[in-house]
Amino acid sequence: MEKFADRGKSLTKLDGYVVFVAGAVPGDTVKARVFKKRKKFAEATLLEVVTPSPLRTEAKCAYFLTCGGCKWQHVNYESQLEAKTQSVRDAFEHHGGFDSVQVENTLGTDNTYYYRNKMEFSFSSGRWLTPTEISSDEKFDTSFALGLHVPGNWAKVLDLSECHLQSELSAELVNAVRTLSLENGWKPWDTRRHVGYLRHLVIRQSTKMPEMMVNLVTSYVDTERMALFAEFLQAQFPQVTTLVNTINSTQAQTAFGEEAHVIFGSGVVHDKIGDCTFEIASNAFFQTNTVQAQVLYEVALEYAELKPTDLVYDLYCGAGTISCFIAPHVKQVVGVELINEAVKNARRNAKANGIENVTFVTGDMMRLFNAAFVKKHGRPDVLIVDPPRAGMHPKVVDQIRELAPDRFVYISCNPMTQARDLALLSDIYKIDKIQPVDLFPHTHHIESVARLKKK
Ligand SMILES: C[S@@+](CC[C@H](N)C(=O)[O-])C[C@H]1O[C@@H](n2cnc3c(N)ncnc32)[C@H](O)[C@@H]1O
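Each residue of the sequence shown is one higher than the one before, starting from 1 at the first, in the working numbering.
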């Protein structure tokens, strides 16, 4: 195999024809069977590793390759970091048309497992079996599963007894909730018939404080069952400081719902990034790797070269974490965010940290971010943007062109859309450098921070 490709796969070229193989590693010689053939490329299933690559290491998890979670567990961490740096370079070359951008080496972490502060497990009436389970003699009940979805199949869930992304306590909790549900005959959600009680089990565990939230997402309210569940948690898992019951009666397979009832505790957990403490509600966005989020924000802080006189716009600000992190270094921060709940969180976070020089505005960047907005809030000295994977709307890019402050930092979880957006601004901004930060070890995901300088 020649090199890493999209979505954690590897590719090779056979007489110029590209073949993608999931689970293969650059440097491997493999046997694989083609299952999809197109004019320019094919996709193949890995059958056998004939000669293993020196980049390989032992995968830790029993569900590796069946679960969509950590597709690079079999690649040693140094090589993962190199591959991520290269993927950022490739994105800027192929999606932005930049031929020589300075991409720094990816900043990695010592905590390559158990790093997530939030996991969203799903219940399903369709259990997916691993190849090992299928080939064993054991008989499995496939009408109940609690775990993670198999990639590309939203109706099927792998029943996980271990997951190395969150703490061991989280895995214990998953196993105990499964047993409790089965013992009591609580039915999992059936995605085809839209019946069943249990939908998702969301576990949020603070990295810096002894706090843990369980959010059981169900399709309807059942006070009696919830009382039993609360009693069970308080008896078996005293580490759980709050229980929330979110109701999602819609067909949409999401852990967000119409109502969220706090059953016990405060309904929130707290975590710390730098000197700031953040309150995180059940439906709030918070970076899932707290330790590396701080590394990411420190890079943004350094790249922004902030001054005490600066007015900074923090666009796509979520729960105001970046705003609060940078506020002590500047005169004023204005944050913009689409989700009203997140803005409420942001305001509470600022207040709780005694930060007074931040203003948060709710709205869609595409509509809100215009000349009137700038007139009201002032011309920024620095722009920090952190949009979702889709990147920025062209109207937002146009407005940035209008403003064109000297200092501009673009944080992204998708270097392809970051490169696309920055290409649109390449006549006025030069990419000074790019720092990738690894928030998601064993996956191909990467955060990248670009520092732009006015031409
Ligand atoms: C990648 S998150 C960044 C959050 C924050 N900077 C952080 O580090 O926690 C992107 C944020 O953009 C918000 N968002 C998405 N589309 C938006 C839009 N059109 N206008 C404003 N905010 C938007 C999302 O709700 C989300 O909170």
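Glycine residues also receive a C-beta, built at the ideal position from the N, C-alpha and C atoms.
Name the residue from the options whose alpha carbon lies nearest to the alpha carbon of residue i.
i, options, result
"THR288", "GLU341, THR207, PHE232", "THR207"
"VAL217", "GLN205, HIS261, GLU82, THR179", "HIS261"
"GLY23", "CYS70, PHE41, LEU14, ARG38", "CYS70"
"THR191", "ASP137, PHE123, THR309", "PHE123"
"PHE121", "LYS9, LYS395, THR254", "THR254"
"MET209", "SER161, VAL269, PHE256, LEU160", "VAL269"
"HIS329", "LEU306, TYR316, ALA155", "LEU306"
"TRP186", "ARG193, VAL174, ARG199, HIS194", "ARG199"
"SER426", "ASP99, ARG389, PHE144", "ASP99"
"VAL361", "LYS376, GLU224, ASP28, ILE134", "LYS376"
"PHE4", "SER53, LYS139, ARG33", "SER53"
"ILE280", "LYS9, MET212, VAL437, GLU224", "MET212"
"LYS453", "ILE384, PRO441, HIS393, ASP364", "ILE384"
"SER161", "GLY257, SER87, THR242, TYR63", "TYR63"
"ILE446", "GLN80, ASN370, LEU11", "GLN80"
"CYS61", "CYS276, LYS430, THR130", "THR130"
"TYR444", "LEU315, SER136, VAL25", "In the sequence as displayed, the identity of residue 444 is His instead of Tyr. Closest option to HIS444, Cα to Cα, is VAL25."
"GLY196", "ALA176, ASN175, VAL221", "VAL221"
"LEU439", "VAL295, CYS324, LYS455", "VAL295"
"PRO441", "THR45, LEU180, THR109, LEU173", "THR109"
"VAL299", "ASN175, SER249, VAL437", "VAL437"
"GLY8", "THR29, LYS40, SER87, THR51", "SER87"
"ALA171", "GLU138, ASP137, PHE237", "PHE237"
How should residue i be labelled, buried or exposed, when 16 other C-beta atoms within 10 angstroms of its C-beta is the threshold for buried?
i, result
"PHE35", "exposed"
"THR321", "buried"
"TRP189", "buried"
"TYR313", "buried"
"VAL150", "buried"
"SER143", "exposed"
"GLY16", "exposed"
"GLN292", "buried"
"ILE273", "buried"
"GLU258", "exposed"
"ASN349", "buried"
"LEU315", "buried"
"ARG379", "exposed"
"LEU173", "buried"
"SER10", "buried"
Excluding the 5 residues preceding and the 5 following residue i in the sequence, name in chain order all residues of the same chain whose CB lies nearer than 6 Å to its CB.
i, result
"ARG89", "VAL103"
"TYR113", "HIS164"
"ALA59", "GLN73, HIS74"
"GLY126", "ALA155, LYS156"
"GLY68", "PRO151"
Is the beta carbon of residue j closer than 7 Å to that of residue i?
i, j, result
"ASN215", "VAL244", "yes"
"LEU165", "TRP128", "no"
"ASP381", "ASP310", "yes"
"HIS95", "MET416", "yes"
"ILE411", "VAL449", "yes"
"ASP271", "PHE278", "yes"
"VAL397", "ARG451", "no"
"THR85", "THR106", "yes"
"ILE434", "ALA404", "no"
"MET456", "ILE203", "Residue 456 is absent from the model: the chain starts at 1 and stops at 455."
"VAL19", "ALA42", "yes"
"LEU201", "VAL240", "no"
"MET392", "ASP364", "no"
"SER266", "THR242", "yes"
"LEU232", "LEU182", "Residue identity check: residue 232 is Phe in the sequence provided, not Leu. Against a cut-off of 7 Å, the Cβ pair of LEU182 and PHE232 comes out as no contact."
"ALA419", "ALA91", "yes"
"ALA423", "GLY147", "no"
"ILE47", "GLY27", "Looking at the sequence provided, one finds Leu at residue 47 rather than Ile. Not in contact: LEU47 and GLY27 (Cβ atoms no closer than 7 Å)."
"GLY318", "PHE285", "yes"
Who does residue i pair with in a DSSP beta bridge?
i, result
"ARG451", "VAL409, LYS433"
"GLN205", "MET212"
"TRP128", "LEU158"
"TYR313", "VAL334, LEU383"
"HIS200", "SER122, VAL217"
"PRO188", "LEU198"
"ARG460", "This structure leaves residue 460 out entirely; the chain is present only between 1 and 455."
"SER10", "PHE4, VAL21"
"HIS261", "ASN245"
"VAL150", "ASN153"
"ALA281", "VAL268"
Excluding sequence positions up to five away, which residues of its chain have a Cβ less than 8 Å from the Cβ of residue i?
i, result
"ASN357", "ALA327, VAL330, LYS331, GLN332, VAL333"
"SER167", "TYR114, GLN205"
"THR132", "ALA62"
"LEU301", "PHE325, ILE326, HIS329"
Can you list, in chain order, the residues of its chain with a C-beta nearer than 7 Å to that of residue i? Leave out the 5 residues immediately preceding and following it.
i, result
"LYS395", "MET366"
"ARG116", "LEU165, GLN166, THR288, ASN289"
"MET226", "ASN245, ILE263"
Of all the CB atoms in chain E, is at least one closer than 7 Å to the CB of residue i?
i, result
"THR443", "Looking for chain E here will not work: only one protein chain is present."
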